[in-house]
Amino acid sequence: MFEHVGRRVMRLNARKTIRPGNGSRRILVAIEDVTRESDAGAELERQRILSNGIVDTLREPLLVLDDRLSVVTASRCFYATFQVDREATIGRRLDDLGNGQWDIPELLDLLTDIVPRNASVDDFEVRHTFPNIGEKIILLNARKVFREGNHTGMLLLAMQDVTERRRLEAEREAALEQAGRLLEELNHRVMNSLSMIGAIIAMEARSLTDAECQAAFNRMRARIEAVATLYRNLSHAHSVDTVQADVYLSTLVRDLVASSSGAVNVALEFDIAAEPLSTRIAVPLGLILNEIVTNSLKYAFRERSEGRMGVSLASQNDTMTVLIWDDGPGIDPAASVVSGLGQKLTEAFSGQLGGAIHRNSGPDGTRYTLTIPL
Numbered sequence: 559m560f561e562h563v564g565r566r567v568m569r570l571n572a573r574k575t576i577r578p579g580n581g582s583r584r585i586l587v588a589i590e591d592v593t594r595e596s597d598a599g600a601e602l603e604r605q606r607i608l609s610n611g612i613v614d615t616l617r618e619p620l621l622v623l624d625d626r627l628s629v630v631t632a633s634r635c636f637y638a639t640f641q642v643d644r645e646a647t648i649g650r651r652l653d654d655l656g657n658g659q660w661d662i663p664e665l666l667d668l669l670t671d672i673v674p675r676n677a678s679v680d681d682f683e684v685r686h687t688f689p690n691i692g693e694k695i696i697l698l699n700a701r702k703v704f705r706e707g708n709h710t711g712m713l714l715l716a717m718q719d720v721t722e723r724r725r726l727e728a729e730r731e732a733a734l735e736q737a738g739r740l741l742e743e744l745n746h747r748v749m750n751s752l753s754m755i756g757a758i759i760a761m762e763a764r765s766l767t768d769a770e771c772q773a774a775f776n777r778m779r780a781r782i783e784a785v786a787t788l789y790r791n792l793s794h795a796h797s798v799d800t801v802q803a804d805v806y807l808s809t810l811v812r813d814l815v816a817s818s819s820g821a822v823n824v825a826l827e828f829d830i831a832a833e834p835l836s837t838r839i840a841v842p843l844g845l846i847l848n849e850i851v852t853n854s855l856k857y858a859f860r861e862r863s864e865g866r867m868g869v870s871l872a873s874q875n876d877t878m879t880v881l882i883w884d885d886g887p888g889i890d891p892a893a894s895v896v897s898g899l900g901q902k903l904t905e906a907f908s909g910q911l912g913g914a915i916h917r918n919s920g921p922d923g924t925r926y927t928l929t930i931p932l
C-alpha cells in the first residue's frame, strides 16, 4: 500500500552489474506496475472458482469443452453418473473419453458446427452401453459461450439420463397397445353377439301371428341392429372408441331403408361431416336416428311409390347439429304421440347427450333438429 497511490502490485527485476575501471558493484532494479494484470488474473480465478462451484451444484452431468472439444471442466454429477475420475477426463477430447462411447461422428459434427455458426444442439439422443453402469439413453444439449478476457469460444454440453423415462414410455405404449387389442376383440364379440340376438328376434317375429307383437319384435330388432352397426364400424376401422360420422350414420340409414318393405324407392341425401364420433355420442345418436327414420319409413312413405329423406351433420362453436328430414305429408297435429315409446326413447337419448331435439312438421315434410354440446 503506497501513501499517495494506494494499493499497487509491483513486479521487480534486479540485475547485478560491475562498473568498468574500479570494479565497483551495483544492483539495477526495474519496477513495473502490474496491478491491473494482477487484478484481472485474480478476477479470472474467482470466476473460475465460481463457475466450477456452479457446475458442481448441477444435478445433471455437464461438460465444459474448448473449441477443440477437449474437456475443460466437468460436473461432479458427470463423474458420479459415468463412474469416471477427474484424471481420466480433464484435458481429453470428447471422443477419447472412456471406451470411446462419445466417439459418435454425427454428434462430433454437430458440436464442431456450433463454434463457427453459433448454433446449438437440442435433445440429441445417445444410446450406449457404458462401462460399469450398463446401457443408458442420454439426451444431449449444447450451447456456445464465450470466456471473458480472451473471448475464446467454449461449449456447454448438458446431459440428461432418460433411460427410465424411455422404459416407462415403452411399457405404457405396450400396455395401451395390448388394451387396444383387447378392446377391439371385445367390440368384435359384442358386434357378433348383437347380430346373433337380432337374428333370433327376427326369427321369433316371423313365427308370431299377432301383427302388433310382430311389429314390436321388429322395432326391438332394429334398435339392437343400430348398436350392432356402430360396433361393425368400430371393427372395420380398427378403432375402439371412435367412428367416422359420415360412414356410420349413412350406413345405419341405408340398412334401415333396405330392411323396410314399404320404402324401396326412397331417395337418400346425406350431408354429413367426415368427423370422428366418440362412442359416448355415437350410441345414443344412432338410436335416435333409428327411431326417427323407422317412424318416417312407417308413416311418411305410406301409400307413396317414392320419396326423399336426408340426414346432415355439422359442428360449429362447440355444438353439433344433426338434421333428419323427409318430404312426407307431415304428422297430423291431432294424432296423439305423447305416449309413444319411440318419442320417449328419442327424448331420453337426447337428454343423455345433454342436447335438445325439436320437431317441425307440415304438409311439405317433417324435420327433426338435434343439437348436442361438445
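Residues are numbered in this note's numbering as their position in the sequence shown, beginning at 1, plus a constant of 558.
Each residue gets a CB set at the ideal place from its N, CA and C atoms; glycine is no exception.
Note that the structure is predicted; figures quoted are calculated from it, not measured.
Check whether residue i and residue j have beta carbons under 8 Å apart
i      : j      : result
ALA855 : VAL815 : Sequence check: residue 855 is Leu here, not Ala. Yes, the Cβ-Cβ distance between LEU855 and VAL815 is below 8 Å.
PHE688 : PHE640 : yes
LEU911 : LEU807 : no
ARG724 : ILE695 : yes
LEU788 : ALA840 : yes
ALA831 : ALA795 : no
PRO931 : THR877 : yes
THR879 : THR927 : yes
ALA848 : ARG781 : What sits at residue 848 in the sequence shown is Asn, not Ala. Yes.
LEU669 : VAL684 : no
VAL869 : VAL811 : yes
ARG651 : LEU620 : no
VAL622 : THR631 : yes
ARG569 : ARG577 : no
LEU903 : LEU835 : no
SER873 : GLU905 : no
ASP813 : GLU783 : yes
Residue i classed as buried or exposed, judged by whether at least 16 other C-beta atoms fall within 10 angstroms
i      : result
SER897 : Reliability of the predicted coordinates at SER897 is poor, the pLDDT of 46 falling under 50, and the value obtained from them is presented with this limitation in mind. When all chains shown are included, SER897 counts as exposed.
ASN657 : exposed
LEU698 : buried
LYS574 : exposed
GLY767 : A small correction: the amino acid at residue 767 is Thr; Gly does not occupy that position in the sequence shown. Answer is exposed; the Cβ neighbour count stays below 16.
MET717 : buried
GLY581 : exposed
GLU729 : exposed
LEU740 : exposed
GLY913 : buried
LEU899 : exposed
SER751 : exposed
MET867 : buried
SER908 : buried
ILE758 : exposed
Own chain residues within Cβ distance below 8 Å of residue i, not counting five before or after
i      : result
VAL703 : GLY711, MET712, LEU713, LEU714
SER894 : In this predicted model, SER894 has a pLDDT of only 49, less than 50, meaning its place in the structure is not dependable; the value taken from the coordinates is given anyway. Result list for SER894: empty, nothing under 8 Å.
GLY865 : ALA821, ASN823, VAL824, ALA825, ALA858, PHE859, ASP884, ASP885, GLY886
SER863 : ASN823
GLY649 : SER628, VAL629
Nonlocal neighbours in the same chain, by C-beta distance under 7 Å from residue i, ignoring five residues either side
i      : result
LEU792 : ASN745, VAL798, VAL801
ARG566 : PHE560, ASP591, THR593
PRO921 : PRO887, GLY888
SER753 : ALA786
GLN659 : HIS686, PHE688
LEU655 : THR647
VAL748 : TYR789
Sequence-distant residues of the same chain with beta carbon closer than 6 Å to residue i, five excluded per side
i      : result
ARG925 : TRP883, ASN918
ASP661 : ASP653
GLU693 : THR687
ASN776 : ALA763
GLY564 : none
ASN571 : ALA588
ILE850 : ILE882, TYR926
The alpha helix (DSSP H) enclosing residue i, as first and last residue numbers
i      : result
ARG781 : 769-794
GLY900 : 899-910
THR852 : 837-857
THR800 : Segment 800-802 is the beta strand (DSSP E) holding THR800; no alpha helix (DSSP H) there.
Element boundaries [beta strand (DSSP E), containing residue i]
i      : result
GLY579 : Segment: none, GLY579 is in no beta strand (DSSP E) and carries neither H nor E.
THR927 : 923-931
ALA646 : Per DSSP, ALA646 belongs to no beta strand (DSSP E) and is neither H nor E.
PHE636 : It is not in any beta strand (DSSP E) - PHE636 instead sits in the alpha helix (DSSP H) that spans 634-640.
LEU881 : 877-884
heavy atom of the ligand MN below 7 Å from residue i C-beta
i      : result
ARG838 : Of ligands this structure carries none, so the ligand MN is not represented either.
Scan the stretch 682-720 and note each continuous beta strand (DSSP E) run of 3 residues or more that stays entirely inside, going in chain order.
692-704, 711-719
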